[in-house]
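Asker: Please see the structure below; I have some questions.
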Amino acid sequence: MLICVSVSDSVLVGDDQSVLLSVSAMNNGEGAYETELVVRIPEHTHFQSSQGVNRLVCVQRKENQTVVVTCDLGNPMKQKQKVQTGLLFSVGHLEEVESHITFSLRVRSKNSMNSSSNQVIVKVQVKAEATLEIRGGSVPPEVLLPDLDWQPGVNPQRLEEVGPLVEHVYEIKNQGPSSVNARLTVDFPSTWRHHFLLYVISTPSEESLSCHTLNTSEVVPLELLGNFTTVSQSIQQEETNSFRQTVHVNCSSRETRCVRFECDVMDLGRGFSAVIKVSARLSMDTLMQTPYLNHDIVSSASYDVTSATSKVQPLLLSSGHTQTQFSVVWRPPHGEKPVPIGYIILSVISGLLLLCLLCFIFWKLGFFRRTRPPTDDDDDDGEDNGQHQLAEESHMTE
625 MLICVSVSDS VLVGDDQSVL LSVSAMNNGE GAYETELVVR IPEHTHFQSS
675 QGVNRLVCVQ RKENQTVVVT CDLGNPMKQK QKVQTGLLFS VGHLEEVESH
725 ITFSLRVRSK NSMNSSSNQV IVKVQVKAEA TLEIRGGSVP PEVLLPDLDW
775 QPGVNPQRLE EVGPLVEHVY EIKNQGPSSV NARLTVDFPS TWRHHFLLYV
825 ISTPSEESLS CHTLNTSEVV PLELLGNFTT VSQSIQQEET NSFRQTVHVN
875 CSSRETRCVR FECDVMDLGR GFSAVIKVSA RLSMDTLMQT PYLNHDIVSS
925 ASYDVTSATS KVQPLLLSSG HTQTQFSVVW RPPHGEKPVP IGYIILSVIS
975 GLLLLCLLCF IFWKLGFFRR TRPPTDDDDD DGEDNGQHQL AEESHMTE
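Residue numbers (the working numbering): 625 to 1022.
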């Protein structure tokens, strides 16, 4: 009688996987000569070792163009003898497997009767899983204004005349184990309240990416950029009145219009990553019309796993999201730095506490005790006391 089960119920595509089969063989008949366990294994599978109570001597070889593993059970295998062992196999190239891998086991001997046992089929399910992470960053993270190196121009002819370069970089990395295909979407702000903030200068692309722009109407040619940087008088007045305030510009706001990029990431293997970089020029002409109004500008990126590269597909297609922010900060005029009201209150309280402490120390040292200068009456009293003491001393001598 032969019993076999798999200790591992499944294996993952892309990972270094091993399958451990727990085998129990018992001879319920007469003694069997040249008894061996025969295991037919899947393609790209290799025998590693025999483990457990009975460690068998096993050999992997080909029989009739089929790869098998044969293990010696004894010569003879006595009646009622029981052998228990674990057979460890390494499996690979699971990308071509439809749903599971199959092991076929049988005990055979040289006996003329009952030379073969029952056949046992063990199926191990193949699964595909992948864990992805996404992160982003801004270069530079902050732009300080006014920029003394920038010279205003009515109609910019070169990209350098528009403003400083800002780049948002996003990286999507596959932690494995399976290889996947994914779609990466980036939303990058371009206009706010109908005036230009950022001029996108390139469509992102990398070797492993295939990117395209969805709303090309938001990408304005350089020669027309001057028509979109004039801020209306009402908005100028509203924003100028909000001195040293900060506005938040992100693609979830109705006041913001964004450029959307979609990139297809193909065959992203374990440990590999894909990088998308969006380059833009900050519109200095627009910002100079609303002085001392700070901006926090936020772009966003998200990914969706569309499929696995293997025949077996994941049960759950993962997704993720992240954001990247950079700030436009105005320096205070004439080098002034506003002091927070909390610092002022804290300074006053600290000064009063210090004054009270000094007063207490001086009082303990007697600094506030009053001493009067000597008077004429004090001198007369001193002389009378001296004469009285002399009289007493003379009287004692007598």
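Ideal Cβ placement from N, Cα and C applies to all residues, glycine included.
Predicted model, so just to flag it, every value in this text is computed and none were measured.
1. Taking L976 as part of the alpha helix (DSSP H), name the residues at either end of that continuous run.
2. Which first and last residues belong to the alpha helix (DSSP H) in which M908 is found?
3. Given D771, which residues of its chain have a CB within under 7 Å of its CB, disregarding the five upstream and five downstream residues?
4. Quick one: residues in its chain with C-beta nearer than 6 Å to the C-beta of M912, no 5 flanking neighbours on either side, listed in chain order?
5. Taking only three categories from DSSP, how would you classify E654?
6. Between the C-alpha atoms of Y657 and T694, what's the straight-line distance to the nearest angstrom?
7. What is the DSSP secondary structure of L892, counted as helix, strand or coil?
8. Near S739, what residues of its chain come up, given a Cβ to Cβ distance below 7 Å and the 5 sequence neighbours on each side ignored?
9. So, for S943: in the same chain, excluding its five sequence neighbours on each side, which residues have a beta-carbon less than 8 Å away from its beta-carbon?
10. Among V922, Q799, V889 and V902, which one has its Cα closest to the Cα of G895?
11. How many angstroms separate the CA atom of T709 from the CA atom of T948?
12. Do you know whose CA, among S951, H717 and G966, lies nearest V936's CA?
13. Closest by CA to V916, which one among S924, W954 and C887?
14. Which ranges would you report for the beta strand (DSSP E) in the segment 718-795 if only whole runs of at least 3 residues count?
15. Out of R730, K747 and L680, which one is the CA nearest neighbour of S723?
16. One question on the structure: do S923 and F812 come within less than 9 Å of each other, judged by their Cβ atoms?
17. Determine the extent of the beta strand (DSSP E) in which Q937 is found, giving its start and end residues.
18. Below 8 Å on the Cβ atoms is my guess for I825 versus L756; work out the distance and round it to an integer in Å.
19. Can you grab the Cα-Cα spacing for the pair L976 / T870, in whole Å?
20. Once you ignore the five residues that flank S674 on each side, which residues in its own chain have a CB closer than 8 Å to its CB?
21. Please look up how many angstroms separate the CB atoms of R664 and S728, rounded, as I've assumed it's under 8 Å.
22. Identify which residue in V643, L833, P700 and S642 has its Cα closest to the Cα of E654.
23. Per DSSP, C1085 is paired with what?
24. Alpha carbons only, please: which of R807, V883 and S876 is nearest the one belonging to T837?
25. Give the DSSP-derived three-state secondary structure of N678 in the structure shown.
26. How many angstroms separate the CA atom of S634 from the CA atom of K751?
27. Output needed for Q689: all residues of its chain with C-beta closer than 8 Å, excluding positions within five of it in sequence on either side, in chain order.
Answerer: According to the structure shown:
1. For L976, the enclosing alpha helix (DSSP H) starts and ends at I965 to K988.
2. M908 to M912
3. P788 and M908
4. none
5. coil
6. 15 Å
7. strand
8. Non-local beta-carbon contacts of S739 in its own chain, meaning distances under 7 Å to residues more than five positions away in sequence, involve R732 and S733 in chain order.
9. S926, Y927, D928 and V929
10. Here the closest residue by C-alpha is Q799.
11. 56 Å
12. When only C-alpha atoms are compared, the closest one is H717.
13. Just to set this straight, residue 916 is Tyr in the shown sequence, not Val. Selection S924, W954 and C887 evaluated against Y916 yields W954 as nearest (Cα-Cα).
14. 724-732, 744-751, 754-763 and 766-769
15. K747
16. Their beta carbons are under 9 Å apart, which means S923 touches F812 by this criterion.
17. Where Q937 is concerned, there is no enclosing beta strand (DSSP E), given that its DSSP letter is neither H nor E.
18. Actually they do not touch by this definition, with Cβ atoms about 29 Å apart.
19. 35 Å
20. L680, V681, C682, C695, T709, G710, L711 and L712
21. 4 Å
22. P700
23. Any property of residue 1085 remains undetermined from this structure, which presents the chain solely from 625 to 1022.
24. V883
25. coil
26. 7 Å
27. none
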